[in-house]
Each structure stands twice: as structure tokens, then as C-alpha cells.
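To start, the structure under review is shown below, and the notes come after it.
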Amino acid sequence: MNFQRHHQTTLLNRLRQPRRFIQAVTGPRQVGKSTLVQQAVAALDVPVRYVSADEPTLRGPEWIAQQWDATRLASTGEQGAVLVIDEIQKLPQWSETVKRLWDEDSRRGVPLKVVLLGSSPILIAEGLSESLAGRFESITAGHWSFAEMRDAFGWSLEQYLFYGGYPGAAPLIAGAHALATLPAR
Numbered sequence: 001m002n003f004q005r006h007h008q009t010t011l012l013n014r015l016r017q018p019r020r021f022i023q024a025v026t027g028p029r030q031v032g033k034s035t036l037v038q039q040a041v042a043a044l045d046v047p048v049r050y051v052s053a054d055e056p057t058l059r060g061p062e063w064i065a066q067q068w069d070a071t072r073l074a075s076t077g078e079q080g081a082v083l084v085i086d087e088i089q090k091l092p093q094w095s096e097t098v099k100r101l102w103d104e105d106s107r108r109g110v111p112l113k114v115v116l117l118g119s120s121p122i123l124i125a126e127g128l129s130e131s132l133a134g135r136f137e138s139i140t141a142g143h144w145s146f147a148e149m150r151d152a153f154g155w156s157l158e159q160y161l162f163y164g165g166y167p168g169a170a171p172l173i174a175g176a177h178a179l180a181t182l183p184a185r
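If you read the sequence shown in UniProt numbering, its first letter stands for residue 1, the second for the next number, and so on.
Here you go:
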């Protein structure tokens, strides 16, 4: 399935503009944040580095700096590159590190664009408001609307009201329904 939410178009348009702000994509787990970012960056003609802090290895400010440096190296002239860090809130001191690196690139004129994804609203909001105030634009990807679930999965209003707006659950629900309708042996 290749359904695109309106958030994807918003992000893509912002990434095609000259570098001005960090893009922060936030919302609850399992609403398709990673998918919409992957769809947006796939349409770009610049190098993209997509990394996740959701892995079990201990990571911190040095890891962020390593990813940032690797993306700078991949950068192509004035078009630059895009660094995407998923589940950023899991990293200690993430906002201070991102602020330092973003400000460094701003002073040097480095056209590196950054997209941060997070699913903990409190931790993300805290980091964005404390260290990154005035440096980011936010895209909030919430639960899917009835129209989105209907268009993407063919759901009825009754299904939407019963199961809610979590797209990740839709194939599981469809599979469970198919199993429930099998004849008993």
C-alpha cells in the first residue's frame, strides 16, 4: 500500500525550500511518522541519511555528531543533504547537540537539512522548546482520520469507531477477520 497523508506533502515542500528550519515530525507511535518521512525524502534529489535511535545500542551526543558529519560528507554542493533521526528523544542531550551542530552549519553556510522524529510528546516538546526555540517547524502526525482509514483500507465508519485510527493495526485486523470467517474443522 502506498497511501500518502497530507503531512508528507507538507514535509516535502519544506525540504525543497532553502534551509531555514529543522523539521520536527511528532505524534504517537504507530501512526506512520517514519513512513511519511521516508515517502517525502524518497522524492528528493539529494543524499539522505536515515538513522534511528530506536536500536538497543547505547547512543549519545557523539553518535548524533557522527551521523551529522557523515551526512555533511555526502552533501552535494548548494543542494546539500538531508539527515533524518528517528526516535530522537531516546538519546541523552539530543537537543543541546542538535542545537550546537545546527548553529555551526548555519554560521558556515552548510546546506544540511534535518528532520527529527519522535513519539514522546513531552520529551520532544521539552527539547524543542528549551534548546531549539526558533530553529524548528513542527508537523504533528496524529491518529488517522476516518477518511484516511476509509481511503487507505476501505474501512467502514463502524470499523473506524471500533478499532480507531492506527494504520499499523489495519492488516492485523483484516487478517483476524479472515481467520474468524474460516469454517470450523
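Think of the CB as a built atom: it goes at the ideal place given N, C-alpha and C, for glycine as much as any other residue.
Span of the alpha helix (DSSP H) around residue i
i: N13; result: H6 to R16
i: F162; result: L157 to Y163
Selected residue, minimal CA-CA separation from residue i, among the options
i: H6; options: G164, Y166, G165 and W144; result: W144
i: N2; options: R20, V41, W63 and L36; result: L36
i: A81; options: L161, E158, Q67 and A170; result: Q67
i: A43; options: T26, R16 and Q30; result: R16
i: H142; options: K99, G154 and V31; result: Note that residue 142 corresponds to Gly in the displayed sequence, not to His. Considering only alpha carbons, the answer is V31.
i: R59; options: I88, N13, L132 and A169; result: I88
i: Q79; options: G109, E158 and A133; result: G109
i: F146; options: S138, I139 and L161; result: L161
i: W102; options: K90, S119, Q39 and A65; result: A65
i: Y111; options: T71, G154, L157 and T140; result: Reading the sequence as shown, one finds Pro at residue 111 and not Tyr. Closest option to P111, Cα to Cα, is T71.
i: L11; options: Q38, R29 and P28; result: Q38
i: D45; options: G77, A174, L91 and Q4; result: G77
Cβ-based neighbour list, residue i, same chain, cut-off 6 Å, excluding 5 preceding and 5 following
i: V114; result: I22 and L83
7 Å Cβ shell around residue i - same chain, five flanking residues per side excluded
i: S34; result: D86 and L117
i: A74; result: P47, R49 and A81
i: L172; result: none
Beta-carbon contacts of residue i that lie in its chain and below 8 Å, excluding the five residues immediately before and after
i: residue 193; result: This structure cannot speak to residue 193, because the chain is shown only from 1 to 185.
i: L179; result: With a pLDDT of only 40 at L179, under the threshold of 50, the placement of this residue in the model should not be trusted; the figure read from the coordinates follows. Excluding sequence neighbours, L179 sits near nothing in its chain.
Check: Going along the chain, which unbroken runs of the alpha helix (DSSP H) with 4 or more residues stay wholly within the UniProt domain "AAA" (22-149)?
Finding: 33-42, 61-74, 94-108 and 121-130
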